[in-house]
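Novice:
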Amino acid sequence: MLGMFKSKVSLLAAAAILVLPAASVFGADSGAPDSQVGVDTLWVTIAAMLVFFMQAGFGMVEAGFIRAKNSSNILMKNFIDYCTAIVMFFLVGYAIMFGTGNSFLGWSGFGLSGVADIIPNTHVQKYAFWFFQAAFCGAAASIVAGGMAERMKFAAYIIYTVAISAVVYPIVGHWVWNEGGWLAQMGFKDFAGSTVVHITGGWAAFIGTIILGPRIGKYKNGGLPKAIAGHNIPIACLGVFILWFGWFGFNPGSTVAVGDGSAFSRVAMNTNLAAAVGALAAMAVVWIFFGKPDLSMTMNGALAGLVAVTGPCAYIEPWAAIAIGAVAGVLVVIGVSLLDRLHVDDPVGAVAVHGFNGIWGTLAIGVFGQKALGVPLDGLVYGGGWSQLGVQALGMLTVAAFSIVCMGAVFLAIKHTMGLRVSRAEEFRGLDIGQHGMESYAGFQIFANE
Amino acid sequence: MLGMFKSKVSLLAAAAILVLPAASVFGADSGAPDSQVGVDTLWVTIAAMLVFFMQAGFGMVEAGFIRAKNSSNILMKNFIDYCTAIVMFFLVGYAIMFGTGNSFLGWSGFGLSGVADIIPNTHVQKYAFWFFQAAFCGAAASIVAGGMAERMKFAAYIIYTVAISAVVYPIVGHWVWNEGGWLAQMGFKDFAGSTVVHITGGWAAFIGTIILGPRIGKYKNGGLPKAIAGHNIPIACLGVFILWFGWFGFNPGSTVAVGDGSAFSRVAMNTNLAAAVGALAAMAVVWIFFGKPDLSMTMNGALAGLVAVTGPCAYIEPWAAIAIGAVAGVLVVIGVSLLDRLHVDDPVGAVAVHGFNGIWGTLAIGVFGQKALGVPLDGLVYGGGWSQLGVQALGMLTVAAFSIVCMGAVFLAIKHTMGLRVSRAEEFRGLDIGQHGMESYAGFQIFANE
Amino acid sequence: MLGMFKSKVSLLAAAAILVLPAASVFGADSGAPDSQVGVDTLWVTIAAMLVFFMQAGFGMVEAGFIRAKNSSNILMKNFIDYCTAIVMFFLVGYAIMFGTGNSFLGWSGFGLSGVADIIPNTHVQKYAFWFFQAAFCGAAASIVAGGMAERMKFAAYIIYTVAISAVVYPIVGHWVWNEGGWLAQMGFKDFAGSTVVHITGGWAAFIGTIILGPRIGKYKNGGLPKAIAGHNIPIACLGVFILWFGWFGFNPGSTVAVGDGSAFSRVAMNTNLAAAVGALAAMAVVWIFFGKPDLSMTMNGALAGLVAVTGPCAYIEPWAAIAIGAVAGVLVVIGVSLLDRLHVDDPVGAVAVHGFNGIWGTLAIGVFGQKALGVPLDGLVYGGGWSQLGVQALGMLTVAAFSIVCMGAVFLAIKHTMGLRVSRAEEFRGLDIGQHGMESYAGFQIFANE
Amino acid sequence: MKLIIAYIQPEKLNDVKQALYAKEVYKMSVTNALGCGQQKGYHETYRGVDVEVNLLKKIRVEIAVNEDFVQPTIDAIIEGARTGNIGDGKIFVTDLGQCVRIRTGEEGHNAIG
Amino acid sequence: MKLIIAYIQPEKLNDVKQALYAKEVYKMSVTNALGCGQQKGYHETYRGVDVEVNLLKKIRVEIAVNEDFVQPTIDAIIEGARTGNIGDGKIFVTDLGQCVRIRTGEEGHNAIG
Amino acid sequence: MKLIIAYIQPEKLNDVKQALYAKEVYKMSVTNALGCGQQKGYHETYRGVDVEVNLLKKIRVEIAVNEDFVQPTIDAIIEGARTGNIGDGKIFVTDLGQCVRIRTGEEGHNAIG
Ligand SMILES: Nc1ncnc2c1ncn2[C@@H]1O[C@H](COP(=O)(O)OP(=O)(O)O)[C@@H](O)[C@H]1O
Ligand SMILES: Nc1ncnc2c1ncn2[C@@H]1O[C@H](COP(=O)(O)OP(=O)(O)O)[C@@H](O)[C@H]1O
Ligand SMILES: Nc1ncnc2c1ncn2[C@@H]1O[C@H](COP(=O)(O)OP(=O)(O)O)[C@@H](O)[C@H]1O
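Chains as they are written, first to last, in the working numbering: chain L, -12 to 437; chain G, -12 to 437; chain B, -12 to 437; chain Y, 2 to 114; chain H, 2 to 114; chain S, 2 to 114.
Listed below in structure tokens is the structure:
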């Protein structure tokens, strides 16, 4: 490492330090001093690492909530969707999302070529910004794996991943997070992705799960749902903690600036409060309605709170984060039960967590958002009237519909060509052996009668 | 995300950057430049994330060290104690701990109302400071779960959590970490919480475990202890790594300032050394006295080193961290064996790790502390005499007694009203099914004959 | 915590802030302002935490890839090698690696005594620099555990750990990363350790595995390899994610400076790309040649990409990271199969991942490295000719040979004194019970017939 | 009295239970087993190495019945477990000399049900 | 010679072992099993869906004994396992035609103990 | 027909399978079990507390055979499993009254193989 101090990189850094506060420390691109660019880039890079780490959280939650015989399969999906999303977002996605183009999509910066060193309007190096955004793209792709778990072919999943990470997610992202996007121009707000990430992913999971159909044995004898218990609650619980931890990169990192610290620290506090209250609310509801405090539902409650606060986190006060989390915790329990009744078999609750609470989070900006904190208009509770809520509703509906239509088309196309679902025999034996030729827990005696 | 650059937040940040080094960059509250506040706040926020992540570590260690049939229960306790602590610390605890009041407790800042934007004497935004402190409070609450594992009712645990996070922990914190606290004013030192967090939590676990009584089958035929093996050592080991990792937020983050980096980096190094030596010492002792190097005890040794160095970490040189870790590693093995002999059935070693080594860490400040590094008087080995050690002993005794008395009262009250312990039949069947209606490892064949 | 604000540390920090930009904020040692030292030290400290956390990743991957009956043993090895390496690197290793001496080894700074507060040529406090380097040393030591898993005595492993962390690794590090080292002076480059960490560790594993011999039952009836399946793929997968996450400290942290952010953020992006492409390439190769996409091999592919990009990460453009990752993914599959055929029984693929790809990464600098980014000469593809590649090849060969010879001698010495391998009966029963007197999964019914 | 032992495909357990309930056989004990029979195992590769799996997952059901329940029990098992494919399983019947209910100490025919 | 098969509550295994030791029965084989009997299972909800669990965890003990040990063995199992509650379990006894000790090749009565 | 039950050391399963194949016995069912016999368990300490483990891991093999296969099967098991050390295991043989192949409904001798 010390050897590298002869490199140009370090010489530049050293120069920058020695001559501070002379003119040369102000980066050519941004007019900001190098040290400011350095610190903002550091924060975004660290946040990106945390968002990356969420991938492990998704994997553990999804694997833990399904049966042992399919757990390597879901982990493989999780692993490969991130890898695929990274490559696709480098080659194509970034250009569509952040490139200049029209209000529907961008069309410049493929393979990052021609992208300015410092991202305009920020003091962040393009590498860090790309890394952060690419990790987001991976997260959006991962949401679907859980909903379609235990029966979807691995090859089909790869196709899906390419579609969402190269095209669908970047287009939605362009609408909302590119200054030129039509929703952005209407004043639609989504700070860290209740809409862009969670509605897109959650409703893709919804349509995918419907097209795929329920797992064998899930609805027996007259359609009553049967519980299919998760096989490893401890790793699922670990996964929720990892997701929560990673969310501190997801939400606070979306400030993409350190500034005086007030923005990202308030976001962090709000994120933490909403998650905690979401868990408590979900626990209370399950306890009251079903008799016992179910850990798996409580964990879904925390995730629901996190998803819901993702959109509004920078625009609200802590008390509003508590309110948003409480509603999210209730909503996710209702959502899981409702979908079960509608025979939408979503083994891990992906639709209820991401789809339902993505919507709630998007709308919450119109309810609890504050003009002073960056929303065009004050929210309902601040007397700002219905306008912002209307814009939020419009954006939410458009994105949900877009995701359902596009991904529905993709899933149907797969279904009628290579096939979406494994055979009945393979579903019994498990996708670990069927798709990957391996067992997740070799040697362990596992009683499997479904 | 880019959309948010129209928000006031970002404009402020941008302004701050463009006009550096003009006067306006000095925050009104602190006289420090915004960039300084930003960086200190960033460090505290990241440290808070790490402390939060310790919750996952506690969960994995505690679950791994007990039997499979109770592991969802302990994870639920772990999960919910954090969530409850967060809410309680927001509503009440912060005000008692950091509010102005008398030397016994504070009484201002409920729900953070009226708290200054930048915490006095720091350059940290209140949101970040609260987040960091709230995560500490969650950690203190979690310690007890392990000691009382495998037999305590879940509802009783919630009551306990409210008591410790809203009242008991904040009062102790006020004494030590609020400038106005009586121990602070006596010159008592506890850098990152050997006393405040670990003595409080560890001795609450002690009294709780005694009131609860040992697990069925732990002391058979004339009182000889029976080993009840942990069910998942790999996740316990992962938990220890996560705790160690999180401790790098806990201790170094307690500088709540970046400064020139010398403070937090020395703390990080000391933390790392004490943990490593604690593990080696515990391994050596177990190996010599019981014949084989027991992994579970070795892991307890690392945790013991971490707990013991928590209090002194900023006041000592690296060699002292090694000494402190070595003693801690020995102490934890003695502690576990001693408690077993006293029929205090603590399944995960919470009392030996946190209670015993919290005391050792507190006293170690009077032994190895240096005036030049912030202790009022040099420690014993530096010829500073017995005074500082006396103050440390006083503080340690008061806090341990306070925790035992308060939490003892709470546990007794619970015992004689709603009941503290599950039924015999439920203890046999396991608390996962009994309290939460679920299994942790559905399908796995687990041989349970105790 | 607030109590500590009377400490000298904080007073200094406060002073530093209030008087910025006066002269006193420029550290005496470096001429850089305290805030610069603070931020660089912060970055290195955070990176060190991440590198530490890789230890958990190694543990989980190695445990998950072997049989249940040996998993506590490998975790204990992992845990203790880190602890031992920390102590050894403090007492001896740092002095050999970074001390002044000759071009072969250093000989000053034992126990950090006499080391300058701010490491020369950086703006990093010695504590942080040591912590970062010590964590690297721990990682190098851990690599071997996996290759020699399921049959090596624990006591023998401790001896090995002392040898590699106190002597062998520091000597190699001195050659490459100490300005005075002979390879450094020849213009040999290895940004973050493809050579220093991975070749050293990987080829130590190679020779160790050969001296130890294959596991009982691995090569039956005429030498055909038998698959011995890993017992817990989900924790192995988690381990890979943790390693990947930790690698964001390993590689980007090796800048040991924040500067304008361009260096570490490009490194982070390259690291991420190489890992993703490595996984995809390995998956493709396994799928094509063996019929199904094997998760364990895909995960090895990601690790291979990470190892390979470690050396060149700062000297290359993103497209080159993709190329390097792709080759690494192919190479690791070939490596695993080749070693299996050569009867080198490496249960987790340590040699193929670290040994083979350490070589590839080292050479890749001579192929894709850029003069403008810090390599003495442009690489092959930039028309810089074969010179740099020659130097890289020389360095790679010397280090691999040095590691094989030294560690081979150590392993042989152990073999002929205390013994390297457990008894046949113990190998059947498992090292968890044999070496540590415990089971990893008490109660679980595990079908073990090998 | 007879002791009936049946090896069936895991996914057929629920169907077998239903069929037994229909014949008023409510008591049984179940364990998981690995079976080797006509049904060939399968080949996989793990990390590039060929694996032959010939112990397949089965469920073992043990039912103690009185004489007049033997045939209905066998019929019910066949009904619930038959798919017509290799691997459906086997039923073994042995004599059961004695049966005791631990709770009451009852013996013989009364203790079985 | 007889082969005695007993299904007992898991938490009673240690007591049964003690009782058997007292009667000088030292050898046995144990597996875990799931049982369905008079003891009704229980209902739970998992994620809001009703779950009926009617296969309860049991332990299966298998003991081969000579004729004169049959009654003592049965008595010991009852002594160790009885609580008087439904679910205590059952004991089944079948004829054992032959017994071989693998180590020595001994057969019959001598091989059993 | 006979039902042969053998308890063997786990690591001997592959050898036993090979030996059985050599005698043309291809069908069997296997479960994992814990055994208590002549072979003393072992003492360990866990967290400083003494642990006595006397239920050792064994594998239970169940094979239904026609009369003329009984001796070859026993021989094969002994051949595969014997090491001469305590703990090698036991073989138990009971009468098998009836055997049914679920797939075809075939009974008796034909159903066994
Ligand atoms: N002779 C036997 N002894 C013990 N178990 C047997 C025997 N024959 C079959 N089995 C069990 O029954 C299962 C199904 O038998 P198999 O021969 O595969 O099916 P089928 O009877 O339909 O041809 C086997 O996996 C094994 O567990
Ligand atoms: N006829 C039977 N066949 C096989 N196993 C039985 C039979 N009757 C009882 N069992 C086993 O014994 C256990 C206890 O039986 P149960 O009827 O619940 O208790 P009790 O005999 O006290 O009424 C059951 O769970 C089952 O494992
Ligand atoms: N009488 C018995 N009843 C049931 N199982 C037995 C009996 N005797 C032996 N076993 C089984 O056989 C295994 C080996 O028996 P053991 O006495 O240790 O070996 P050996 O026969 O070589 O002396 C035991 O662990 C147990 O599982």
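All residues carry an ideal CB built from backbone N, CA and C; glycine is no exception.
#1: Is it the case that the CB of D96 of chain S approaches a heavy atom of ligand 1 more closely than 6 Å?
#2: At a Cβ threshold of 7 Å, is C100 of chain S touching chain H?
#3: Can you tell me which of L:C70, L:I61 and L:S22 puts its alpha carbon nearest to the alpha carbon of N259 of chain B?
#4: Are L350 of chain G and Q379 of chain G closer than 7 Å when you measure CB to CB?
#5: In or out: T404 of chain G buried (at least 16 other Cβ within 10 Å) or exposed?
#6: On the DSSP bridge assignment, give the partners of H44 of chain S in chain order.
#7: From L329 of chain B to A65 of chain Y, what distance separates their C-alpha atoms?
#8: Just checking L60 of chain S against ligand 1 - is the residue's beta carbon closer than 6 Å to any of the ligand's heavy atoms?
#9: Considering only residues of the segment 346 to 418 of chain B, which uninterrupted alpha helix (DSSP H) runs meet the minimum length of 4 residues and lie entirely inside it, listed in chain order?
#10: Among G:N208, G:A310 and G:E137, which residue has its Cα nearest to the Cα of V335 of chain G?
#11: Report back the beta-carbon spacing between D21 of chain G and T109 of chain G to the nearest angstrom; my notes put them in contact at under 8 Å.
#12: Is W231 of chain B buried or exposed, if buried means 16 or more other CB atoms sit within 10 Å of its CB?
#13: How about M36 of chain B: is its C-beta nearer than 7 Å to some C-beta of chain G?
#14: Between I113 of chain Y and D89 of chain H, is the Cβ-Cβ spacing less than 7 Å?
#15: Any idea if F40 of chain B is buried or exposed, counting beta-carbon neighbours within 10 angstroms, 16 or more meaning buried?
#16: Check S(-3) of chain B in the structure and name its three-state DSSP category.
#17: How long is the line joining the alpha carbons of D281 of chain B and L290 of chain G, rounded to whole angstroms?
#18: Comparing the CB of Q115 of chain Y with every heavy atom of ligand 1, is any distance shorter than 6 Å?
#19: Taking only heavy atoms of ligand 5 into account, decide whether any of them is closer than 6 Å to the Cβ of Y8 of chain H.
#20: Run through DSSP, which three-state label would M29 of chain H get?
#21: Under a CB-based cut-off of 7 Å, is Y43 of chain H close to chain Y?
#22: Using a Cβ cut-off of 7 Å, which residues of the segment 280 to 291 of chain G contact any Cβ in chain S, in chain order?
#23: What residue range does the alpha helix (DSSP H) around L325 of chain G cover?
#24: From the DSSP output, in three-state form, read off E49 of chain L for me.
#25: For chain L, find out if any of its Cβ atoms is closer than 7 Å to the Cβ of A266 of chain G; answer yes or no.
#26: Does the Cβ of G90 of chain S lie closer than 6 Å to at least one heavy atom of ligand 3?
#27: Please report the straight-line C-alpha distance between T187 of chain G and A127 of chain G, rounded to a whole angstrom.
#28: Could you check if I222 of chain B belongs to the surroundings of ligand 2, using beta carbon to heavy atom distance under 6 Å?
#29: Alpha carbon to alpha carbon, how far is A19 of chain B from S100 of chain B? Give it in angstroms, no decimals.
#30: Okay, do the segment 62 to 77 of chain G and the segment 142 to 149 of chain G touch, 3+ Cβ pairs below 8 Å being the bar?
#31: Interface residues of chain B around Y22 of chain Y at Cβ under 8 Å?
#32: Could you tell me whether the segment 8 to 15 of chain S touches the segment 54 to 65 of chain S, using the rule of 3 or more Cβ pairs below 8 Å?
#33: Please tell me whether K(-5) of chain L has its Cβ less than 7 Å away from any Cβ of chain H.
Specialist: Once the coordinates are examined:
#1: no
#2: no
#3: L:C70
#4: yes
#5: exposed
#6: S:E53
#7: 55 Å
#8: According to the sequence provided, residue 60 of chain S is Ile. The question's Leu does not apply to it. No, ligand 1 has no heavy atom inside 6 Å of this Cβ.
#9: 374 to 402 and 411 to 416
#10: G:E137
#11: D21 of chain G to T109 of chain G, Cβ: 14 Å. No contact.
#12: buried
#13: yes
#14: no
#15: buried
#16: Any reading at S(-3) of chain B needs caution, since the residue's pLDDT is 39, under 50, leaving its predicted position unreliable; the model's value is listed next. Helix at S(-3) of chain B.
#17: 37 Å
#18: Absent from the model: residue 115 of chain Y. The displayed extent of chain Y is 2 to 114, so no value can be given.
#19: Ligand 5 is not among the ligands present in this structure, which contains only ligand 1, ligand 2 and ligand 3.
#20: strand
#21: no
#22: D281, S283 and M284
#23: P305 to R328
#24: helix
#25: no
#26: yes
#27: 7 Å
#28: no
#29: 23 Å
#30: yes
#31: Residues of chain B passing the Cβ test: none, with the nearest at roughly 28 Å.
#32: yes
#33: Low confidence applies to K(-5) of chain L: its pLDDT is 35, below 50, so where it sits in the model is not reliable, and the reading given next is rough at best. No, no contact with chain H.
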